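Here the protein sequences line up with chains B and L, keeping their order. Under the working numbering, read the first sequence as residues 98 to 596, first letter to last. Under the working numbering, read the second sequence as residues 98 to 596, first letter to last. Notes for the one structure printed next.
2 protein chains.
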Amino acid sequence: YGTPIVTLEPGERKSARPRKVGMIFSGGQAPGGHNVAAGLFDALQALNPDNRLYGFLGGPSGLLDSAYKVLDSALVDAHRNTGGFDMIGSGRTKLESPEQFAKVAENCKRLEVDAIVVIGGDDSNTNACMLAEYFLQNDIGIQVVGCPKTIDGDLKNQQIQVSFGFDTATKVYSELIGNIQRDANSARKYWHFIKLMGRSASHIALECALQTHPNLALISEEVEGMESTLDDIVGQIASAVRERSEKGFNFGVALIPEGLIEFIPEMKALIAELNDLLAANDREFSAIAESERRIAFLSERLGSATAHVFDSLPAEIKLQLMMDRDPHGNVQVSRIETEKLLIVMVERKLEEWRDKGEFNGKFSAQSHFFGYEGRCAAPSNFDADYCYSLGYTAACLIAAGKTGYISSVRGLEKSADEWQAGGIPLTMTMNLERRKGRDVPVIRKALVDLASAPFATFVAHRELWRRETRFVYPGPIQYFGPAEVADRTTLTLQIEQQG
Amino acid sequence: YGTPIVTLEPGERKSARPRKVGMIFSGGQAPGGHNVAAGLFDALQALNPDNRLYGFLGGPSGLLDSAYKVLDSALVDAHRNTGGFDMIGSGRTKLESPEQFAKVAENCKRLEVDAIVVIGGDDSNTNACMLAEYFLQNDIGIQVVGCPKTIDGDLKNQQIQVSFGFDTATKVYSELIGNIQRDANSARKYWHFIKLMGRSASHIALECALQTHPNLALISEEVEGMESTLDDIVGQIASAVRERSEKGFNFGVALIPEGLIEFIPEMKALIAELNDLLAANDREFSAIAESERRIAFLSERLGSATAHVFDSLPAEIKLQLMMDRDPHGNVQVSRIETEKLLIVMVERKLEEWRDKGEFNGKFSAQSHFFGYEGRCAAPSNFDADYCYSLGYTAACLIAAGKTGYISSVRGLEKSADEWQAGGIPLTMTMNLERRKGRDVPVIRKALVDLASAPFATFVAHRELWRRETRFVYPGPIQYFGPAEVADRTTLTLQIEQQG
């Protein structure tokens with residue numbers, strides 16, 4: 098704790114002693130990862146042509162198993178500006194115990210690797226910080242530098258403007274949303290329900306809404322903040338369908354964040370109760386063969402409030418909740434097809450209204466889920482430049498003897514020649530959180546702030562976007578052509594930095 | 098019949114009498130439609146500034162209802178190079194009866210519209226030909242010119258090299274397939290089953306396979322030609338999964354054409370028998386409440402061969418077959434989620450093999466369906482230029498007094514300045530087909546020709562692409578930059594024109 102922020106200034110390049118640096122990708126793919134490697138490689142070569150870069154394979158487990166590839170210019174050049182992490186792979190092993198840290202130290206010592214660059218999200222950078230502390234306390238002499246990666250956009254704070262990959266992924270999703278909006282507006286007969294990747298925060302849904310102006314965009318954080326029920330949400334969507342239908346618009350587009358279900362308080366309660374119930378009655382429940390009787394078995398045993406929610410769900414979803422369980426027997430929330438759940442429930446609500454003479458429009462819906470389509474796209478110019486700079490900066494931090502820092506590039510709302518490179522002590526980005534009964538320092542996941550300027554901008558426009566048809570069609574990412582097309586940043590970043 | 102092919106040559110522009118020309122979009126959207134309008138508009142203006150272009154609204158029904166918009170330069174300019182048909186909308190009304198033709202004539206006479214441009218697929222152009230014949234025979238003096246549109250790529254023949262929209266749609270799908278392949282190759286834990294729009298032909302799947310080199314791509318026409326059973330197909334996919342798994346590749350990508358089910362002979366038979374059975378036993382069947390008993394009811398009454406196929410299907414698919422019926426009570430084949438059907442059946446086949454000790458890999462799958470994502474994309478440079486040329490050419494054909502022609506631009510494999518504009522008599526593109534008991538001339542839908550060069554190219558490479566990981570990641574459509582990036586055509590077109 099207590100180390101200062103570092104700013105890199107242009108200066109003379111000093112020749113340094115030859116070093117070996119290791120790097121890993123940790124967690125889900127994000128566009129631009131290979132450019133972090135390219136920036137690292139080029140900076141290391143510029144510092145001393147005898148420097149070596151090792152890519153540990155398959156994520157953190159590569160450090161534990163000493164599985165690596167030497168990254169030479171042929172390999173790095175072949176991957177510049179490409180998407181994915183396939184040059185060395187990634188993985189989800191968590192590096193967090195002292196035993197693992199000791200193993201990493203042992204492997205690095207043997208390979209003479211004396212600096213590690215960890216490219217990951219909030220958890221991976223938290224663990225990178227712990228690893229750096231361990232090495233410092235035990236006088237091991239290995240430096241650790243992090244890089245902020247995640248398409249979800251939930252690794253940002255006072256010091257980090259944005260994680261890499263968010264720009265590209267939201268542009269790919271916005272391209273597709275725009276294309277579907279154009280289709281909706283041409284065919285004028287479908288509502289499209291589009292689920293977007295990102296379970297823990299709704300930054301992606303918010304950014305895509307700002308880029309494309311859909312008729313509806315749900316923001317999980319708002320749903321939680323308002324303590325909305327599932328019926329509230331269904332009613333809100335059905336009202337929008339009715340309102341547009343009355344103007345002759347029997348079509349529309351609704352964006353749904355992947356994590357929505359887990360932010361609805363009553364659904365969270367239902368899932369918890371189902372987990373307990375299924376665990377306590379496993380044998381009896383498993384003996385029931387017919388789906389209808391399985392549903393009745395659970396419904397009878399749930400508390401009255403949760404039974405009410407459970408009974409309101411479509412049969413397919415009830416079956417999904419019962420069938421798709423993880424190895425611990427828990428309901429797999431991520432498998433719930435929220436977009437289809439909402440379509441069926443909105444359909445039902447509209448039929449109720451129709452019976453009462455309160456709706457006489459048409460409602461026909463299509464569902465989509467975009468995730469893998471954007472996670473490994475080739476990086477936008479922004480992400481390509483940002484990642485290269487993050488990698489280059491990481492090498493400079495290492496050369497300057499820093500450890501426990503995260504590579505930082507700021508001023509990202511300006512053109513790349515005005516960006517400011519430096520390093521932020523990882524501890525400065527952390528807060529104490531209670532985990533497993535004790536306070537531990539972690540990088541807090543940044544959820545959508547309902548008081549923020551990007552959310553306020555969305556709120557200021559959403560009624561207009563809902564009632565009228567103000568779709569924007571951003572088109573595909575461009576690498577060539579005018580700067581206002583090829584080099585624009587996300588609207589979230591622009592609005593945050595203006596406001 | 099018997100009119101000649103027309104070739105347009107550069108020449109002096111003669112000022113012509115002022116005319117009013119009408120246009121319609123017919124059927125599903127395809128990228129570039131607005132540029133057909135732009136080309137038409139510009140040519141009409143160049144021929145005589147007093148010419149007027151009327152856009153009939155909502156497709157063929159606009160001609161019947163006399164619903165139209167005058168397309169002026171402000172409206173046309175706002176839609177140049179944009180996707181979709183939202184400038185005037187489209188529709189699926191079929192113009193085919195003499196009563197409809199008479200109504201169109203009456204409406205056009207009143208508006209003084211004396212030429213109509215029909216932008217549509219095989220059926221719409223067939224009907225455009227009939228309309229032209231009707232106008233000729235009844236001496237009505239209204240010209241009709243068609244334009245070849247459909248993303249499916251099944252409107253092509255000796256005279257028409259390709260329909261517009263196929264280029265853009267396959268590029269959007271290939272971008273997404275490439276991104277998913279990169280993800281598959283980075284995460285190395287999923288098989289992705291990707292269904293692609295296009296029920297009647299597999300040109301889209303074939304073109305995307307040529308662009309992206311997936312591990313598997315099913316071609317419906319081959320399935321039908323080989324008389325493959327569903328079990329054959331499942332076995333073929335499961336074998337590929339096992340083969341790759343033995344090399345340590347527990348991941349892959351498989352492309353599935355939307356219409357596959359209807360090309361599997363035994364599935365076609367099952368669906369026909371189900372339709373008869375449900376019609377004959379409607380009351381009795383509807384009285385059964387429980388899904389399991391409904392399934393048993395049908396299974397007992399099917400013939401032994403079809404019952405065998407039915408019994409092999411996963412429960413969800415059986416339910417889909419029973420539940421999703423059209424207003425005539427028929428099974429809705431298009432609603433069947435073929436990609437999920439195949440995943441469940443491949444999973445089951447692999448488990449059988451595992452029990453016999455014949456498989457010990459992992460199989461985890463994700464499903465995708467791409468259709469709306471590409472149908473309304475902004476046109477690629479190729480489609481933008483091609484469509485503009487089709488529209489411009491249509492206006493020239495009208496000025497030259499032609500009727501019953503389809504606008505033709507050939508030499509599309511070369512650069513745009515070498516393209517050859519002209520007109521093909523629609524009758525020349527037609528064949529006699531037996532419909533409703535009599536021989537009628539129609540434009541035959543072009544299926545994938547198993548003797549063609551593009552299919553042969555695919556067959557020559559598919560084993561390699563299956564066994565190894567030879568993914569290609571085409572990236573998003575580019576509008577600026579080097580010609581080899583921004584102006585390339587589809588591989589289908591290139592290979593066809595070379596061969």
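Where a beta carbon is used, it is the ideal one built from N, C-alpha and C, also for glycine. Quick caveat: nothing in here was measured; it's all calculated off a predicted structure.
Quick check for students: name the residue ranges of the alpha helix (DSSP H) that lie wholly in the segment 280 to 345 of chain B, counting only runs of 4 or more. For the segment 280 to 345 of chain B, whole alpha helix (DSSP H) runs of length 4 or above, ordered along the chain, are 300 to 309, 317 to 322 and 327 to 343.
Quick test of the definition: if touching needs 3 or more C-beta pairs under 8 angstroms, does the segment 583 to 595 of chain B touch the segment 535 to 552 of chain B? A contact exists between the segment 583 to 595 of chain B and the segment 535 to 552 of chain B.
Taking Cβ-Cβ distances shorter than 8 angstroms, what residues in chain L pair up with N132 (chain B)? The premise fails here: N132 (chain B) is roughly 14 angstroms from chain L at the closest Cβ pair, so nothing lies under 8 angstroms.
What three-state label does DSSP hand P476 (chain B) in the structure shown? Note: P476 (chain B) maps to coil in three-state DSSP.
Using the beta-carbon count (16 or more within 10 Å), is V170 (chain L) buried or exposed? Checking the displayed sequence, the identity of residue 170 (chain L) turns out to be Ser instead of Val. With a 10 Å radius around the Cβ and a threshold of 16 neighbouring Cβ atoms, S170 (chain L) comes out exposed.
I need the boundaries of the beta strand (DSSP E) containing E530 (chain B), first residue and last residue. Element bounds for E530 (chain B): M527 to R532.
Spell out whether any CB of chain B is found under 8 angstroms from the CB atom of Q463 (chain L). Q463 (chain L) counts as touching chain B.
8 angstroms Cβ cutoff, G501 (chain L) in contact with chain B: For G501 (chain L), the answer is no, since every Cβ of chain B falls outside 8 angstroms of its Cβ.
Residues in the segment 109 to 128 of chain B with C-beta within 7 angstroms of chain L's C-beta atoms, listed in sequence order? Listed by position, the residues of the segment 109 to 128 of chain B near chain L (Cβ gap below 7 angstroms) are Q126.
M184 (chain B) lies in the alpha helix (DSSP H); which residues open and close that run? In the DSSP assignment, M184 (chain B) falls outside any alpha helix (DSSP H) and carries neither an H nor an E.
What are the uninterrupted segments assigned as alpha helix (DSSP H) that are 4 or more residues long and contained completely in the segment 179 to 243 of chain B, given in chain order? Every alpha helix (DSSP H) of 4 residues or more that sits fully in the segment 179 to 243 of chain B is shown, in chain order, as 195 to 208 and 219 to 234.
Hey, out of B:N528, B:D183 and B:L375, whose CA is closest to D421 (chain B)'s CA? If we check each option's Cα against that of D421 (chain B), B:L375 comes out closest.
Cβ of Y576 (chain L) within 8 angstroms of any chain B Cβ: Taking CB atoms only, Y576 (chain L) has a neighbour in chain B less than 8 angstroms away.
Beta-carbon of H425 (chain L) versus every beta-carbon of chain B: anything under 8 angstroms? It does not: the Cβ of H425 (chain L) has no partner Cβ on chain B nearer than 8 angstroms.
Which residue or residues does DSSP assign as beta-bridge partners of Y502 (chain B)? Note: Y502 (chain B) is bridge-paired with B:V242 and B:P522 in the DSSP secondary-structure output.
Determine whether the Cβ of Y165 (chain B) lies closer than 8 angstroms to any Cβ atom of chain L. Chain L contact via Cβ: absent.
Check whether the Cβ atoms of A284 (chain L) and L447 (chain L) sit closer than 8 angstroms, and answer yes or no. No, they are not a contact pair.
Between which residues of its own chain and I102 (chain L) is the CB-CB distance below 6 angstroms, once the five residues before and five after are set aside? Within the same chain, and ignoring the five residues on either side of I102 (chain L) in sequence, the residues whose Cβ sits closer than 6 angstroms to its Cβ are I521.
Report the neighbours of C473 (chain L) on chain B: residues whose CB is nearer than 7 angstroms to its CB, in chain order. Within chain B, the residues near C473 (chain L) are N276, R279, D280 and S283.
Proximal residues, the segment 165 to 187 of chain L versus chain B, C-beta separation under 8 angstroms: Answer in chain order: T179, G180, G181, F182, D183, G186 and S187.
Suppose only complete runs of 3+ residues qualify. What are the beta strand (DSSP E) ranges in the segment 414 to 441 of chain B, listed by chain order? Counting whole runs of 3 or more residues, the segment 414 to 441 of chain B contains no beta strand (DSSP E) stretch at all.
Measuring alpha carbon to alpha carbon, tell me which residue in L:E581, L:L416 and L:G356 is nearest E389 (chain L). Considering only L:E581, L:L416 and L:G356, the residue with the shortest C-alpha distance to E389 (chain L) is L:L416.
Is it the case that the segment 213 to 233 of chain B contacts the segment 311 to 322 of chain L, given that we only count it when at least three CB pairs across the two stretches are under 8 angstroms? Fewer than three Cβ pairs drawn from the segment 311 to 322 of chain L and the segment 213 to 233 of chain B lie within less than 8 angstroms of each other, which leaves the two stretches out of contact.
Mapping the DSSP letters down to three states, classify L137 (chain L) as helix, strand or coil. Per DSSP, reduced to three states, the secondary structure at L137 (chain L) is helical.
Tell me whether G400 (chain L) is buried or exposed, calling it buried when 16 or more other Cβ atoms sit within 10 Å of its Cβ. By the neighbour-count criterion, in which a residue is buried when 16 or more other Cβ atoms sit within 10 angstroms of its Cβ, G400 (chain L) is exposed.
Between which two residues does the alpha helix (DSSP H) harbouring G159 (chain L) extend? Taken as a continuous stretch (DSSP letters only), the alpha helix (DSSP H) holding G159 (chain L) covers P157 to D162.
Chain-ordered chain B contacts of Y489 (chain L) [CB-CB under 8 angstroms]: Within 8 angstroms Cβ-Cβ: nothing; Y489 (chain L) doesn't reach chain B, min ~23 angstroms.
Please work out which residues of its chain come closer than 7 angstroms, Cβ to Cβ, to L439 (chain B), disregarding the five sequence neighbours upstream and downstream, and give them in chain order. Closer than 7 angstroms at Cβ, skipping near neighbours: F290, V331, I334 and I353.
Listed from N- to C-terminal order along the chain, which residues in the segment 549 to 574 of chain L have their beta-carbon within a distance smaller than 8 angstroms of any beta-carbon of chain B? Taking 8 angstroms as the Cβ-Cβ cut-off against chain B, the residues of the segment 549 to 574 of chain L that qualify are Y570, G572, P573 and I574.
Residues in the segment 369 to 402 of chain L having any Cβ partner in chain B nearer than 7 angstroms: Listed in sequence order: E387, S388 and E389.
Listing by chain order, which chain L residues have their CB less than 9 angstroms from the CB of H289 (chain B)? Chain-order list of chain L residues neighbouring H289 (chain B): Y469, by C-beta distance under 9 angstroms.
Proximity below 8 angstroms, CB of D329 (chain L) to CB of S409 (chain L): Annotated as distal: D329 (chain L) and S409 (chain L), with beta-carbon spacing of 8 angstroms or more.
Just the Cα atoms here: how many angstroms apart are N347 (chain L) and W562 (chain B)? Between N347 (chain L) and W562 (chain B), the C-alpha separation is close to 44 angstroms.
Does the pairing of the segment 478 to 488 of chain B with the segment 254 to 272 of chain B give three or more beta-carbon distances under 8 angstroms? In the pairwise beta carbon analysis, the segment 478 to 488 of chain B is classified as touching the segment 254 to 272 of chain B: at least three pairs are separated by under 8 angstroms.
Which whole-angstrom value is the C-beta distance of S299 (chain B) and V545 (chain B), which I expect to be below 8 angstroms? About 5 angstroms separates the beta carbons of S299 (chain B) and V545 (chain B), which is inside the 8 angstroms limit, making them a contact pair.
Using 8 angstroms as the limit for Cβ to Cβ distance, is L273 (chain L) near chain B? Output row for L273 (chain L): interface = yes.
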